[in-house]
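Written out below as structure tokens is the structure these notes cover.
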Amino acid sequence: MAVYEWHGISGSGKEQKGIRDADNVRALRALLRKEGIILTQALEEAEAKKKKAREVDFGRFFRRVSSQEVALMTRQLATLLKSGVPLVESMSALIDQLENGDLKAALTQTRDKVNEGSSLADALKAHPRIFETLFVNMVAAGEASGTLETVLGRLADFLDAQTKLKGKVTAALAYPVFMALMSLATISIMLVVVVPKVTSIFEDFGQALPWYTRLLIFVSYVFTDFWWLLLALAMGAGYAARRWLATKDGRARWDRITLELPLFGKLFLMVAVSRFSRTLSTLLASGVPLLQAMEITRNVLGNVELMRVVEEAAGSIREGESIAAPLKRSGRFPPIVTHMIAIGERSGQLEEMLENVAVAYDNQVDGRVQIMTSLLEPAMIVVMGGISGSIAFAILMPLMRIAEFMQQ
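Just so we're aligned, residue -16 is where the sequence shown starts under the working numbering, counting upward by one.
Here's what the structure looks like:
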């Protein structure tokens, strides 16, 4: 049975497209006709891929399968399996109702490999951009233990929690970034448009200008006449920063700096601790061995400094130590976290204790985001108002002197 990418027209005249498996084009046409769709084009998936490779599709650089879509698909698959529907049939049902083309194609290829005798985890490995290592390892553990539907349910909960946490952090950073851009745009307009016009008035009267007005005129002159140099310097600095961050030492130093930033550093640490706790809890509850779970958890932290700590902790565990002791020695994990992990190890309830840590830190992230938002809004307004006021002061003071000179 082949997999086809098809285009057609519905009874209402709307263009339709999708991915469907059929014995041949004639069988595909018959299947679509039953749904009220007239087939206009059908290409086997391999042929369609070759055609797309020859075409320049700029949209594919921005198209991604979101974690929310993967979480929804995972939860639906878990529900179907719990209802007693066979795996291949469950995947076929999901493929028919998926809207994201990339996810539909990946799941179609996965189903075909499973139908040929491959395990679900091995079939998912072919799509690392959609199904990460964490996802694949948990599925493998679920298949090995015979609890695939339970593991898929945990995976869906995990992905939902991670998406929610990411949304909170994005919301915390979005406002100050927006205000900073708006402030930069406003100040640039004042320097490039307003100040040069006022400067011509000062030149006509030939009055001596205070130092702050001369400084403002110089900055306006640089922005107006040497904008290309500023742009080149900014691009060069951005390129140099990217090259530096691409190095091992540069990335490690930057990640250490982010954890020590005022205001934001504590938030980044809270997010990392929550991600560490929830990921490790989910993996252990799904039957993944501890050392393998630590390795997977290390790779999802996204901070080189914390990854180093977890890697050293895994080495200590391999030598017979507990989890809590090396984490405590690192000084990076808060004492309450290592204390709760130690209690979980002693009581044999490590998974539950890690989940409690994740929930507690999610709540702390909520509270900190609210505090940051309430503090940043007036702070940004004060900063923007201060800069705009300074520019206005530097312009108005000489104008007032000119007005006094004219009255004399």
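Backbone N, C-alpha and C fix where the C-beta goes; we use that ideal spot for every residue, glycine too.
Here glutamine 59 carries a helix assignment [DSSP, helix/strand/coil]. If the five residues before and after alanine 61 are omitted, its C-beta is found closer than 7 Å to the C-beta atoms of Glu132, Leu135, Gly136, Ala139, all from its own chain and listed in chain order.
The count of Cβ pairs closer than 8 Å, one atom from the region 295 to 308 and one from the region 318 to 332, reaches three, so the stretches are in contact. In this structure, serine 257 sits away from glutamate 338, with a CB-CB distance that is not shorter than 8 Å.
Runs of the alpha helix (DSSP H) lying entirely within the region 149 to 232, each at least 4 residues long, are 178 to 188, 194 to 208, 210 to 229 in chain order. Residues Phe141, Ala144, Gln145, Leu337, Glu338, Ala341 of the same chain have their beta carbon placed closer than 8 Å to that of arginine 261, with the five preceding and five following residues left out of the count.
Arginine 3 is bridged by DSSP to Tyr(-13).
By the CB criterion at 8 Å, valine 97 and leucine 70 fall inside the cutoff. Beta-bridge pairing by DSSP links isoleucine 21 to Ile(-8). Uninterrupted alpha helix (DSSP H) stretches at least 4 residues long and entirely within the region 302 to 334 occur at 307 to 313, 318 to 330, given in chain order. Isoleucine 374 places its beta carbon less than 8 Å from that of methionine 173. Scanning the region 255 to 300 for uninterrupted alpha helix (DSSP H) segments of 4 residues or longer gives 273 to 283, listed from N- to C-terminal end. Looking from the CA of glycine 150, the closest CA among Ala296, Ser357, Asp208, Gln51 belongs to Gln51.
For aspartate 238, the CB contacts under 6 Å within the same chain, skipping 5 residues up- and downstream, are Asn286, Val287, Glu288 in chain order. Glutamate 27 carries a strand assignment under DSSP once its states are collapsed to helix, strand and coil.
The beta carbon of threonine 182 sits closer than 6 Å to the beta carbons of Ile200 from its chain, once the five residues preceding and following it are set aside; these are given in chain order.
For the pair alanine 10 and alanine 109, the Cα-to-Cα distance works out to about 28 Å. Fully contained in the region 51 to 134 are the following alpha helix (DSSP H) runs of length 4 or more, in chain order: 70 to 80, 84 to 98, 103 to 107, 116 to 128. The C-beta of asparagine 120 has 16 or more other C-beta atoms within 10 Å across all chains shown, which makes the residue buried. Here threonine 23 has His(-10), Gly(-9), Ile(-8) as same chain residues with Cβ atoms under 7 Å from its own Cβ, once five neighbours each way along the sequence are excluded.
For the pair glycine 368 and threonine 230, the Cα-to-Cα distance works out to about 39 Å.
DSSP lists Ile(-8) as the beta-bridge partner residues of glutamate -2.
Within the same chain, Cβ atoms closer than 8 Å to the Cβ of glycine 327 are found at Leu333, Glu334, Glu335, Met336, Leu337, the five residues on either side in sequence being excluded. The residues Met355, in chain order, have a CB closer than 7 Å to that of leucine 246 in the same chain once the five nearest residues on each side in sequence are set aside.
Shown here, leucine 337 sits in a helix according to DSSP, grouped into three states. A distance of 8 Å or more separates the beta carbons of glycine 125 and serine 313. Per the C-alpha coordinates, the member of Pro381, Arg384, Ile370 positioned closest to serine 171 is Ile370. Per the C-alpha coordinates, the member of Val68, Asp79, Gly67 positioned closest to leucine 15 is Asp79.
In terms of CA proximity to valine -14, Thr91 leads the group Asp232, Asn83, Thr91, Leu117.
In the three-state reduction of the DSSP assignment, serine 49 falls in the coil class. Looking only at Ser299, Ile113, Tyr195, Leu250, the smallest Cα-Cα distance to aspartate 85 is reached by Ile113.
In this structure, Asn282 is the residue among Glu302, Asn282, Gly303 with its C-alpha nearest to the C-alpha of valine 293. Leaving aside the five residues that flank tyrosine 195 on each side, the residues in its chain whose CB is nearer than 6 Å to its CB run, in chain order, Ala377. Secondary structure at proline 245: coil, using DSSP grouped into helix, strand and coil.
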